[in-house]
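Q: Okay, handing you the structure first.
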Amino acid sequence: MTAIIIYLAIVGSVVAVFLSRQRLLAKPWLEAGPEGVLPGTGPSTLAPATLALWIIIAVAGALFTLFISAWLMRRHMGHDWRHGLHLPHILWVTTAILAAGSIALHLAQRAAGEGPRGGMQAALAASWLLALLFLGGQALAWRAMIAAGQGVAASPDVSFFYLLTGVHALHVAGGMIALAAVTVGALRREPEAARDPLALCATYWHFLLVAWLVLFGLMLHG
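Mapping the sequence shown onto the numbering used here, position 119 (from 1) lands on 119, and the numbers just tick up by one.
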């Protein structure tokens, strides 16, 4: 419960800073300016797609925070919690793959701004391959857990393992759908026009990486 309160406080602070920068909290009737022009009433400098992305990240972050809070509460509610999951070693590999995918999207964004299409295409192809490898690796991790006798109903901590990794994988799959739309647009337009959409995808991928590192660390220390 404390974790979600802290998260909401952080989100609230970020929203307050955003509103102040967008002048949505300003009182234009108290400010001086040219006749006929209300200060602070100009168009917002934040693109709708960027705003939508940050809303998605805030909602997804709240969801992960709720699950983490549930994990921390459940581990102290009974003697059936086995402290210390025996995680498959492949999760270390998938962690590195997700980090590499985040870097690849960042490189695709930079290549789009530099002009030549070839570098952007190579980085995008690498991003797609790494995303698929990550999801495949997660599936292998679930298979290894089941083979080791740690099915979904084996114990509460194991059940949480499938819940956390499954929800994160769904967010990765959703990111791939958005990346597909961005990729198609990037190949049809000039590279520079794809820079902003790729920046949004890269930001989302960075969020997924941070979320996974938190979840993975939580599961490692049980």
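For glycine and all other residues, C-beta sits at the position ideal for the given N, C-alpha and C.
Taking just the CA atoms, how far does G175 sit from W205?
A: When rounded, the distance between both Cα atoms is 8 Å.
Q: Given a threshold of 16 other Cβ atoms within 10 Å of its Cβ, counted over all protein chains shown, does A180 qualify as buried or as exposed?
A: The residue in question, A180, is exposed, as its Cβ has fewer than 16 Cβ neighbours within 10 Å.
Q: How many Å lie between E190 and E114 at the Cα?
A: Cα to Cα, the separation comes out at about 11 Å.
Q: With 16 as the cutoff for other CB atoms within 10 Å, does L197 come out buried or exposed?
A: The amino acid occupying residue 197 in the given sequence is Pro; Leu does not appear at that position. With 16 or more Cβ atoms within 10 Å of its Cβ, P197 is classed as buried.
Q: Contact check, L124 vs T183 under 8 Å by CB: the rounded distance?
A: The pair is a contact, with the Cβ atoms about 6 Å apart (cut-off 8 Å).
Q: Assuming P88 contacts A153 (C-beta within less than 8 Å), just tell me the rounded distance between them.
A: That pair is no contact at about 18 Å.
Q: Does DSSP put P88 in a helix, in a strand, or in coil?
A: The answer is coil: DSSP assigns P88 none of H, G, I, E or B.
Q: Report yes if the C-beta distance between F207 and T95 is below 8 Å; otherwise report no.
A: Going by C-beta atoms, F207 is not nearer than 8 Å to T95.
Q: Quick one: what's got a C-beta closer than 6 Å to A111's C-beta in the same chain, skipping five residues either side?
A: Excluding residues within five positions, the ones whose Cβ falls inside 6 Å are G119, M120 and A123.
Q: By the DSSP assignment, the alpha helix (DSSP H) with A186 in it spans what residues?
A: Counting along the chain, the alpha helix (DSSP H) containing A186 begins and ends at P156 to R188.
Q: From F64 to W54, what distance separates their C-alpha atoms?
A: If you take the alpha carbons of F64 and W54, they lie about 15 Å apart.
Q: What do you reckon, are the CB atoms on L209 and L98 nearer than 8 Å?
A: Yes, Cβ-Cβ distance for L209 and L98 is below 8 Å.
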